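Have a look at the structure below, then the notes.
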Amino acid sequence: MNCNAIGVAIANTYQLDLRPMYVCICKAITDADIREAAEAGVADVEHLTERLGVGGGCGTCLDMAEEIIDACRANQLAYAA
Ligand code: FES
Numbered sequence: 000m001n002c003n004a005i006g007v008a009i010a011n012t013y014q015l016d017l018r019p020m021y022v023c024i025c026k027a028i029t030d031a032d033i034r035e036a037a038e039a040g041v042a043d044v045e046h047l048t049e050r051l052g053v054g055g056g057c058g059t060c061l062d063m064a065e066e067i068i069d070a071c072r073a074n075q076l077a078y079a080a
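Written as structure tokens, this is what we have:
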């Protein structure tokens, strides 16, 4: 399962459609942006904040951003094994 498939799973969990979903409203960052950053090597939400600014405003998005990063990392590790 790649990160896009994880995005589909997350969308299904939250009963969302498959269009890019804004995770961070303050910085206009979507779930697709976060998955792309994870695929480029971002491994945690702190690094994500440094790179994209996610969480740099109100911080409401941090839990969901972390969930997406963790899911992508778990997927990458599973396929690397
Ligand atoms: S929604 Fe991400 S910092 Fe406010």
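Position 78 (the sequence shown) corresponds to 77 in numbering that gives the first Met the number 0; numbering is contiguous. Glycine is no exception: its CB is placed at the ideal position from the N, C-alpha and C atoms. Please read these numbers as outputs of a predicted model, since none were measured by experiment.
Touch test, the stretch 57–72 against the stretch 37–45, Cβ-Cβ under 8 Å, three pairs minimum: yes
One or two residues paired with Thr-29 in a DSSP bridge: Tyr-21
Residue interval of the alpha helix (DSSP H) (run including Ala-80): First-last for Ala-80: undefined, no H or E at that position.
Take Ala-50 and list the residues in its own chain whose beta-carbon comes closer than 8 Å to its own, dropping the five residues that flank it on each side. Residue identity check: residue 50 is Arg in the sequence provided, not Ala. Taken in chain order, the residues that qualify are Ala-36, Val-41.
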